[in-house]
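Q: Okay, handing you the structure first.
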Amino acid sequence: MENKPAPSNFIRNIIIDDLKTGKHKEIVTRFPPEPNGYLHIGHAKSIVLNFDLADEFNGKTHLRFDDTNPLKEETEYVESIKEDVQWLGYTWEALYFGSDFFEEMFNKALLLIKKGLAYVCDLSADEIRQTRGTLKEPGKESPYRSRSVEENLKLFEQMRKGEFADGKKVLRAKIDMASPNLNMRDPVLYRIAHTSHHNTGDKWCIYPMYDFAHPLEDALEGVTHSLCTLEFEDHRPLYDWVIRECEMESQPHQYEFARLNMTNTVMSKRKLKLLVDKKIVDGWDDPRIPTISGLRRKGYTPEAIRSFVREIGVAKSNSTVDAQMLDHFVREDLKLKSPRTMAVIRPLKVVITNYPAREVEWMDAENNPENPEMGIRKIPFSHEIYIEQDDFVEDPPKKYHRLYPGNEVRLKHAYFIKCNEVIKDEQGNITELHCTYDPKTKSGTDFTERKVKGTIHWVDAGQALQADFRLYEPLILDKENEDPADFIDNINPNSLEILQGFVEPSLKDANPHDKFQFFRHGYFNVDPKHSTADKPVFNRIVSLKSSFKL
Ligand code: ATP
Ligand code: MG
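Quick note, the sequence shown lines up with residues 15 to 564 if you use our numbering.
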């Protein structure tokens, strides 16, 4: 997958053209998150797109924190975003904070005022909204629109000095209150907020709005292709207006692409933050949410995420992607990389009555039959083992080939065993099985006398390591309605099941984030948060099979 050539897309074609015509000598892209939450897989789409395009054409990609709203931004988010971009496999050419450009932005605002293209307005946020008009009707001009350049310069300086309270004044562009594009109806460029900023502290009490700051940041950094999601399409005329009227030397261009939406989940920082704040999930790295840190903790790999977002491609219309598609790519990635071992998640004890009680035998087990380079490990076998509760039934239905009274099955990597007796407690619950093994059937020897239809997995009871298994189901029940507005009512109460079982002793040295394929159960990741030295916790990443077809 990783070796597949980059699929073409309309943005890539534009870049090829721009290089051919000499419009740009070098491509510069940027990934511009606002540090108001953790990144999610939608952001991964933007990261992969921006970095891949620059890589392909020997260009550069910047990481820029679009930090113009001090109320919501925090250093914790800045750090997590850096970590996630690096974990996804990318290195930025330069790191910027939008707030590093506050002085230049202020000067550009002064330029607009001097050109008669911006004015200080005393209307409240509500009044501005009310006078903005609708798609059918033009807006109403602000009574402050005709302030003189001198008065505007003086008031704007006073705004900067902190002489007005929050909300008392804004700086607005003077464009066209009758424009068919609502974004062009004298948009707000600066607002007052007496709030400490994570980067500039108390230096500023006026902050530029996104639509003013973003194009300036792009231009000041020399970005050539500024990629954003479709909802900004209507903002592009304003983007171009700012670049032109602020007389920016560098002329970036904005291109819009479809957001990534996925089934059975929510994908906006606002909603994810709500889940975290309400403690519906266990932090921003809860494996049930599609944050990069949650996906990492669940066990998804950067390779799988990159292949997934490349496969979805870049389109001009929004659509919802089946979450199972990501699962497909993680299976593909882990298939040859992760050792295949045995884990018993719901244990049932089996006593092998004809096996000597004190004996332990070490069986050879291939670590990955599809990848012989991964070698062989030894697993112990003795007279007591655990098998999966599901692998035994007293009254088997037709075509049941696993264990039942009188039936013989193969223990993976070991012997055939036959069930002779079912032991129950006073309530009638099965507590253990008594079986016999046939020494002639040892795995690896050429035994042809008789065949069995079922192979089951097991672990040695004497030496197995206790482990917790965390099995996940989708967090949001409503599959059809992606990102449902009432998502809190659609939370799946059974999205996490924690079970206590056993793994082979070879896993005692497993480290956080080591990944395994447990025979028949799927792929698992050692949880970095809950695992202890004595007891690993395994998150199920995906089961082995799915009906999903690419
Ligand atoms: P959210 O709505 O989740 O808060 P955002 O768009 O406000 O997302 P930003 O931090 O502003 O988040 O986004 C950084 C970059 O990531 C932007 O260029 C944005 O367009 C892009 N991006 C965000 N969400 C998605 C998504 N679901 N699919 C593709 N790109 C996305
Ligand atoms: Mg945002």
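The beta carbon of each residue, even a glycine, is placed where N, CA and C say it ideally should be.
1. Is it right to say Met402 is buried, meaning 16 or more other beta carbons lie within 10 angstroms of its own, or is it exposed?
2. Grouping DSSP H, G and I as helix and E and B as strand, with all else coil, what is Leu447?
3. State the Cα-Cα distance for the pair Leu274 and Asp190, rounded to the nearest angstrom.
4. How big is the Cα-Cα spacing for Glu88 and Asp81?
5. Does the region 195–203 come close enough to the region 90–100 to have 3 or more Cβ pairs within less than 8 Å?
6. Rounded to whole angstroms, what is the Cα-Cα separation between Thr35 and Val237?
7. With H, G and I counted as helix, E and B as strand and the rest as coil, what does DSSP make of Asp452?
8. Skipping 5 residues on each side, what residues in its chain have a beta carbon closer than 6 Å to that of Lys154?
9. Excluding the 5 residues preceding and the 5 following Tyr204 in the sequence, name in chain order all residues of the same chain whose CB lies nearer than 8 Å to its CB.
10. For Ser509, which beta-bridge partners are listed by DSSP?
11. Comparing C-alpha positions only, which one of Asn27, Val540, Thr243, Ala547 sits nearest to Lys529?
12. Is it buried or exposed, Gly176, if we count other Cβ atoms within 10 angstroms and call 16 or more buried?
13. In chain order, what residues of the same chain have a beta carbon less than 7 Å from the beta carbon of Phe532, not counting five sequence neighbours either side?
14. Can we say the region 260–268 touches the region 284–302, given the rule of at least three CB pairs closer than 8 Å?
15. Pair every Cβ in the region 339–349 with every Cβ in the region 310–317, then say whether three or more of these pairs are closer than 8 Å.
16. Using beta carbons (cut-off 9 Å, strictly below), is Ser352 in contact with chain B?
17. Could you pull the start and end residues of the alpha helix (DSSP H) that Phe577 belongs to?
18. When the Cα atoms are used, what is the spatial distance from Asp409 to Pro370?
19. Roughly how many angstroms separate the alpha carbons of Met388 and Phe430, rounded to a whole number?
20. Assuming contact is defined by CB atoms lying nearer than 9 Å, are Ser156 and Leu126 in contact in what I supplied?
21. Could you check where the beta strand (DSSP E) with Asn275 kicks off and where it finishes?
22. Might you give, ordered along the chain, the residues of its own chain that have their beta carbon closer than 8 Å to the beta carbon of Val556, omitting 5 neighbours on each side?
23. When burial is assigned at 16 or more other CB atoms within 10 Å of the CB, is Val374 buried or exposed?
24. Starting from the N-terminal side, write out each stretch of the beta strand (DSSP E) that is 3 residues or longer and does not extend beyond the region 379–427.
25. Please find out if some non-hydrogen atom of the ligand ATP comes closer than 8 Å to the beta-carbon of Met281.
26. Given Gly56, which residues of its chain have a CB within under 7 Å of its CB, disregarding the five upstream and five downstream residues?
27. The beta strand (DSSP E) spanning Phe483 covers which residue range?
28. Return yes when the C-beta of Pro47 is under 8 Å from any heavy atom of the ligand ATP, and no when it is not.
29. Quick one: what's got a C-beta closer than 6 Å to Thr62's C-beta in the same chain, skipping five residues either side?
30. Taking the beta strand (DSSP E) that His76 belongs to, which residues open and close that run?
31. For Ile366 versus Thr455, is the C-beta spacing smaller than 9 Å?
32. CB-CB under 8 Å to Arg360, same chain, minus the five flanking residues each way: which ones, in chain order?
33. For Thr243, verify whether its CB is less than 8 Å away from any heavy atom of the ligand ATP.
34. Quick one: is Lys128 buried, meaning 16 or more other Cβ sit within 10 Å of its Cβ, or exposed?
35. Along the chain, which unbroken stretches of the alpha helix (DSSP H) at least 4 residues long are found entirely within the region 322–348?
36. If you draw a straight line from the alpha carbon of Val473 to that of Arg310, how long is it in whole angstroms?
A: Result, derived from the coordinates:
1. Here residue 402 is taken as the residue at index 388 of the sequence shown, counted from 1. Reading the sequence as shown, one finds Glu at residue 402 and not Met. Buried, because 16 or more other Cβ atoms sit within 10 Å of the Cβ of Glu402.
2. Here residue 447 refers to the residue found at position 433 when the sequence shown is read from its first residue. DSSP places Leu447 in strand when its eight states are reduced to three.
3. In the sequence shown, the residue the question calls residue 274 occupies position 260. In the sequence shown, the residue the question calls residue 190 occupies position 176. Taking the straight line from one Cα to the other gives about 34 Å.
4. Numbered from its first residue, the sequence shown carries residue 88 at position 74. Numbered from its first residue, the sequence shown carries residue 81 at position 67. Approximately 9 Å between the Cα atoms of the pair.
5. no
6. In the sequence shown, counting from the first residue as 1, residue 35 sits at position 21. In the sequence shown, counting from the first residue as 1, residue 237 sits at position 223. Their backbone Cα atoms lie some 18 Å apart in a straight line.
7. Here residue 452 refers to the residue found at position 438 of the sequence shown. Note: Asp452 maps to strand in three-state DSSP.
8. Translated into the one-based positions of the sequence shown, residue 154 becomes position 140. Cβ within range, chain order: Thr145.
9. Indexing the sequence shown from 1 puts residue 204 at position 190. Answer for Tyr204: Ala123, Phe170, Met173, Val184, Leu185, Ile220, Tyr221, Pro222, Met223, Phe226, listed in chain order.
10. For the purposes of this step, residue 509 is taken as residue 495 along the sequence shown, with counting starting at 1. In DSSP, Ser509 forms no bridge with anything.
11. The sequence position of residue 529 within the sequence shown is 515, counting from 1. Of Asn27, Val540, Thr243, Ala547, the residue nearest in Cα terms is Val540.
12. Translated into positions along the sequence shown, residue 176 becomes position 162. Classification of Gly176: exposed, given that the 10 Å Cβ count is below 16.
13. On the sequence shown, residue 532 is found 518 positions in, with the first residue counted as 1. Counting only Cβ-Cβ distances below 7 Å, and skipping sequence neighbours, we find Thr355, Met356, Ala357, Phe538.
14. no
15. yes
16. Given the protein chain composition of this structure (a single chain), no chain B is represented.
17. In the structure as shown, the chain starts at 15 and stops at 564, and residue 577 therefore has no counterpart that could be examined.
18. Counting from one through the sequence shown, the residue named residue 409 turns up at place 395. Counting from one through the sequence shown, the residue named residue 370 turns up at place 356. In a straight line, the C-alpha of Asp409 is about 30 Å away from that of Pro370.
19. In the sequence shown, counting from the first residue as 1, residue 388 sits at position 374. In the sequence shown, counting from the first residue as 1, residue 430 sits at position 416. Met388 and Phe430: Cα-Cα distance of roughly 26 Å.
20. As a position in the sequence shown, residue 156 is number 142, starting the count at 1. As a position in the sequence shown, residue 126 is number 112, starting the count at 1. No; because the gap between Cβ atoms is not below 9 Å, this pair is not in contact.
21. Here the question's residue 275 lines up with position 261 in the sequence shown. Run containing Asn275: 274–276, per the beta strand (DSSP E) assignment.
22. Here residue 556 refers to the residue found at position 542 when the sequence shown is read from its first residue. Within the same chain, Val556 has close Cβ partners Asp341, Val344, Arg345, Gly536, Tyr537.
23. Working through the sequence shown from its first residue, we reach residue 374 at position 360. So Val374 ends up on the exposed side.
24. 390–395, 398–402, 422–425
25. Translated into positions along the sequence shown, residue 281 becomes position 267. Yes, the Cβ of Met281 comes within 8 Å of a heavy atom of the ligand ATP.
26. Position 42 of the sequence shown, counting from 1, holds the residue named residue 56. Excluding sequence neighbours, Gly56 sits near Arg273, Leu274, Met281.
27. Residue 483 sits at position 469 when you count from the first residue of the sequence shown. Phe483 -> beta strand (DSSP E) spans 479–486.
28. Position 33 of the sequence shown holds residue 47. Yes.
29. Start at 1 with the first residue of the sequence shown, and residue 62 comes out as number 48. First, the amino acid is wrong: residue 62 is Val here, not Thr. The residues are Arg320, Val323.
30. In the sequence shown, counting from the first residue as 1, residue 76 sits at position 62. Element bounds for His76: 74–79.
31. Stepping through the sequence shown from its first residue, residue 366 is reached at position 352. Stepping through the sequence shown from its first residue, residue 455 is reached at position 441. Not closer than 9 Å, so no.
32. To locate residue 360, count along the sequence shown from 1; it is residue 346. So the list reads Glu402, Gln403, Asp404, Leu513, Gly515, once near-sequence residues are dropped.
33. The residue labelled residue 243 in the question sits at position 229 within the sequence shown. Because some heavy atom of the ligand ATP lies under 8 Å away, the Cβ of Thr243 counts as near it: yes.
34. For this step, residue 128 is matched to residue 114 along the sequence shown. So Lys128 ends up on the exposed side.
35. 338–348
36. Numbered from 1 along the sequence shown, position 459 holds the residue referred to as residue 473. Numbered from 1 along the sequence shown, position 296 holds the residue referred to as residue 310. So the alpha carbons of these two residues sit roughly 28 Å apart.
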